[in-house]
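What follows is a set of notes on a single structure, which appears directly below.
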Amino acid sequence: MSGIAQRLSRRAALHRGLTRFALCLAAPMALPLLAVQPARAAAKPIKLLMLGDSITAAYGLSREDGLPAQLQAALSRPDRPVQVIDAGVSGDTTAGGRSRLDWALADSPDAVIVALGGNDGLRGIEPRDTEANLAAILDALKVRKVPALLAGMLAPPNLGADYGREFSGVFARLAKAHPEAVFYPFLLDGVAGDPALNQADRIHPNPQGVKVLVARMRPAVEALIARIPTGPSGEG
């Protein structure tokens, strides 16, 4: 073999050796890259708005013991976080809730829990006015395609049986007229009238009473969440 041929042969062998060496170095470095998986995006919270009065505004309670916070804790899961927005105003009536609905919806909730009417009953407001206000709220939510839950109330017994029947009839009629809304007949079910579950005024639930409210109404709220649209316009 000539000198030139020998030199070319040695260069070719050296090139093959360097190539194998480079591949050996690259392989271990590639393994960590192959093992890296894209991080899973955090689930977007479902936003529920509670449009209510002192019952939803945690009257006499810490924020953590209030209905919105306890309901949020009960509903949230690692794969489905829930944010319950407190839009309760102590002393508010259905007329007040109707007047501030647009402002409350600025938070762009995925669904709304309408929990008004207790103060209408306490003040002896005409049931037909209560019905008109709640109907307007439900109509507005329907137009906006925002799922709603209507929580019913009962009038205090001191206003008489006739008023009580007329008042409770408001919510039954609204539920029939608005089948698109989830109906929960009585917000204070299991708590009203029980001193052990209410504050000293016997009107507002204490922390344990709120816990009972959450347990009782949770299935209805889960039904509400199930009605939240999914897809590009809603991540529910």
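Oh and the sequence shown: position 75 is 75 in the working numbering, straight run, nothing missing.
All C-beta atoms in this analysis are idealised placements derived from N, C-alpha and C, irrespective of residue type, glycine included.
All values derive from a computational prediction rather than experimental measurement.
Closest by CA to residue i, which one among the options?
{"i": "D92", "options": "P185, S108, L116, V191", "result": "L116"}
{"i": "A215", "options": "L159, Q199, A177, L187", "result": "L187"}
{"i": "L224", "options": "P109, V212, R173, A43", "result": "P109"}
{"i": "L67", "options": "G88, R77, G160", "result": "G88"}
{"i": "L138", "options": "P157, E166, A177", "result": "A177"}
{"i": "I203", "options": "P179, T230, P156", "result": "P156"}
{"i": "M153", "options": "V170, L159, G160", "result": "V170"}
{"i": "V114", "options": "G97, D102, P127", "result": "G97"}
{"i": "S99", "options": "T56, S54, A136", "result": "A136"}
{"i": "D102", "options": "P45, D79, D65, V143", "result": "V143"}
{"i": "G60", "options": "A74, Q72, P205", "result": "P205"}
{"i": "D79", "options": "P45, T56, Q72", "result": "P45"}
{"i": "D86", "options": "A58, A196, A74, S62", "result": "A58"}
Opposite residue i in the DSSP bridges: which residues?
{"i": "Q83", "result": "K47"}
{"i": "F183", "result": "L150"}
{"i": "G88", "result": "G52"}
{"i": "P205", "result": "N198"}
Would you mind reading off the limits of the alpha helix (DSSP H) that contains residue i?
{"i": "L122", "result": "118-123"}
{"i": "A58", "result": "Looking at the DSSP string, A58 is not in any alpha helix (DSSP H), and its letter there is neither H nor E."}
{"i": "I137", "result": "127-143"}
{"i": "A69", "result": "67-75"}
{"i": "R165", "result": "161-177"}
{"i": "R98", "result": "94-99"}
Go through its chain and collect everything with a Cβ distance to residue i's Cβ below 7 Å, but skip five positions before and after it.
{"i": "L141", "result": "V112, A148"}
{"i": "T94", "result": "L116, G117, D120, T130, N133, L134"}
{"i": "S76", "result": "V82"}
{"i": "Q70", "result": "V210, K211, V214"}
{"i": "D53", "result": "G88, V89, S90, G91, D92, L116, G118, N119"}
{"i": "E180", "result": "K142"}
{"i": "L197", "result": "V191, P205, N206, Q208, G209, V212"}
{"i": "A63", "result": "Just to set this straight, residue 63 is Arg in the shown sequence, not Ala. Around R63: A69."}
In chain order, what residues of the same chain lie with their CB nearer than 6 Å to the CB of residue i, ignoring the 5 residues before and after it?
{"i": "R227", "result": "P147"}
{"i": "V182", "result": "L149, A220, A223, L224"}
{"i": "P127", "result": "E166, F167, V170"}
{"i": "P185", "result": "G152"}
{"i": "A175", "result": "F183"}
{"i": "Q199", "result": "G60, N206"}
{"i": "A22", "result": "Because A22 carries a pLDDT of 45, less than 50, the predicted location of this residue cannot be relied on, and no value is offered for it."}
{"i": "A39", "result": "Confidence at A39 is low in this model, with a pLDDT of 47, below 50, so its placement is unreliable and the value that follows should be read with caution. Closer than 6 Å at Cβ, skipping near neighbours: no residue."}
Starting from residue i, trace the beta strand (DSSP E) in both directions and tell me its first and last residue.
{"i": "V114", "result": "111-115"}
Grab me the residues of residue i's own chain with a C-beta within less than 8 Å of its C-beta, minus the 5 sequence neighbours each way, in chain order.
{"i": "K145", "result": "P229"}
{"i": "P32", "result": "At P32, the pLDDT of 45 sits below 50, so the modelled position is not reliable and the matter cannot be decided from this model."}
{"i": "R218", "result": "L71, A74, L75"}
Between the stretch 97-107 and the stretch 118-125, are three or more C-beta pairs nearer than 8 Å? no
Does the count of Cβ pairs from the stretch 189-203 and the stretch 43-51 closer than 8 Å reach three? no
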